[in-house]
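Notes follow once the structure below has been shown.
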Amino acid sequence: MIDLAIGAELEAEVERVRGLGREFLRPLGIEADQRGAPVPPDHPFFAMAWRMGLGQPLGVEERPGRRGGARRGVVLAEEMSYWDRGMSVAMPGLGLGGPPLFAMGTPEQKERLLAPFRDREHPHWAAFGMTEPGAGSDVAAIETSAVRDGDAWVLRGAKTFISNAMRADWIVVWATVDRSAGRAGHRAFVVERGTPGVEDMRYEHKMGLVAYESSSFTLRDCRVPAANLLGGDRHYAERAGFKGAMRSFNATRPAIAAMAIGIARAAFDVARDFARAHYALERPVPRYQRVREKLARMARKLEVGRLLCWRAADLADAEQPNEVEASMAKAFAAGIAQEATGLAVDVLGDAGVTADGYVEKLYRDVKAMDIVEGTGQIQRIVIARRLVGLPSA
Ligand SMILES: Cc1cc2nc3c(=O)[nH]c(=O)nc-3n(C[C@H](O)[C@H](O)[C@H](O)COP(=O)(O)OP(=O)(O)OC[C@H]3O[C@@H](n4cnc5c(N)ncnc54)[C@H](O)[C@@H]3O)c2cc1C
């Protein structure tokens, strides 16, 4: 049974995000989009937000003695993304780097790698590097190799589209010790900033979500201390490496889905306000009769999408399996978010497609929500395999 109350403490956090969203997140997101470059890490807003305790809402955080981290994550993810999804990922914090550290890291690794993030004076970022030029959906196909050499591991390969990698204190880099072993050969390494062999770091130009960088880089004979093998040798019993990655995705998918709902809600509000303004002027053109019907349908879908996110998050908080629910939330939310931005463009008509219009940006921002953390097609495969009784991985 889903408890729909979020409590006074979280409500106050949402209110705080709302204030910052209106004043900073949306204007900075629009500015980055118009400039065509991410918001730099030394922008004063990041230091201010970090000092206030505000960071990326992604993933399950470790809050000793406190339940509800995943629910908190989806609620804040939706609200931040409502104001600007690009900015919500550009925010300092562990981001996608957090879940694998919490799921697989040794106590020593957690202590050491989380230490910089306790410094609230200077913003810090982490990143998660799985995708390669030749391996996206099929993560088993990663080619970055890891070879043990004394008290270090040597990584060789290339990673692409890694969020915030360029500004990260450390990146969880996935590599393989034995390609013929498939997922059982996967290992996760923490590559710290300044490690020799991390080369060609650059950001990719995206059609939307410009506020944060999606970085690509090469690992050229990159020596990583053995102490940075996430979980240590013992963790990598049969298939445990890949299971660690999967646990990460199951923790972050509901929050990514909630971000799609945030974009959808932003687009919906623009369309609704535009229609309202026309009714208020008593100039309803015939097409607004149909618009009303479309808006009502969209409002229903937004509610359904949010409930799917909350259910997947609540299962994560209860430490119950949530793979199918997380995939359902992600597939549904990304789909309706595209529908909502399309509707907003339709309702506004020519005003919706002008380059200085806000909905035009949302329309470009939203597409990536169907790609990140597993495409819609992949989510449907995960769901279908479970429906017919097959393991999904
Ligand atoms: C904005 C953005 C941020 C990202 N951030 C990160 C990050 O921080 N870290 C990271 O590691 N990666 C990140 N990624 C990469 C992302 O995870 C991959 O883009 C995604 O997994 C898809 O991989 P691909 O792009 O190689 O597409 P492909 O896997 O090549 O897929 C191409 C198309 O084929 C379809 N397809 C693939 N396999 C199948 C199949 N078996 N059956 C049917 N259809 C299939 C897909 O649905 C898709 O439509 C990011 C990507 C974007 C766009």
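Every letter in the sequence shown is one number past the one before it in our numbering, and letter 351, counting from 1, is 1577.
Using N, Cα and C, we set each Cβ at its ideal position, and we do this for glycine too.
The beta-carbon distance between residue 1390 and residue 1462, rounded to whole angstroms, is 26 Å. This is too long to meet the 8 Å contact definition. Boundaries of the alpha helix (DSSP H) around residue 1568: 1549-1574. Taking each of 1496, 1548, 1536 in turn and checking the Cα distance to residue 1525, the smallest one comes out for 1496.
Rounded to the nearest whole angstrom, the CA to CA distance from residue 1360 to residue 1328 is 28 Å. If the five residues before and after residue 1585 are omitted, its C-beta is found closer than 7 Å to the C-beta atoms of 1493, 1496, 1567, 1570, 1571, 1574, 1578, all from its own chain and listed in chain order. Considering only 1440, 1447, 1527, the residue with the shortest C-alpha distance to residue 1425 is 1447. Residue 1317 and residue 1248 have their alpha carbons spaced roughly 15 Å apart. The continuous beta strand (DSSP E) containing residue 1383 extends over residues 1378-1389. Under DSSP, residue 1416 forms a beta bridge with 1398.
Residue 1609 and residue 1541 have their C-alpha atoms roughly 16 Å apart. Pairing residue 1283 with residue 1299 gives a Cβ-Cβ distance under 7 Å. Going by DSSP, residue 1429 is part of the beta strand (DSSP E) stretching over 1424-1429. Only residues of its own chain outside the window of five on either side were considered, and among them 1590 have a CB closer than 6 Å to the CB of residue 1433, listed in chain order.
Excluding residues up to 5 positions away in sequence, 1293, 1294, 1295, 1296, 1297 lie with their Cβ nearer than 7 Å to the Cβ of residue 1543 in the same chain. In the DSSP assignment, residue 1374 is bridged to 1379.
Here DSSP, grouped into helix, strand and coil, assigns residue 1455 to strand. Around the C-beta of residue 1305, 16 or more other C-beta atoms lie within 10 Å, and the residue is accordingly described as buried. By the 16-neighbour rule on beta-carbons within 10 angstroms, residue 1613 is exposed. Under the three-state reduction of DSSP, residue 1363 is assigned to coil, being neither helix nor strand. Annotation: residue 1555 to residue 1534 spans about 5 Å, alpha carbon to alpha carbon. Secondary structure at residue 1478: helix, using DSSP grouped into helix, strand and coil. Annotation for residue 1356 indicates a beta carbon within 6 Å of some heavy atom of ligand 1. Residue 1362 has its Cβ nearer than 6 Å to a heavy atom of ligand 1.
Judged by DSSP in its simplified three-state form, residue 1305 adopts helix. Ligand 1 approaches residue 1440 closely enough that one of its heavy atoms is under 6 Å from the residue's Cβ.
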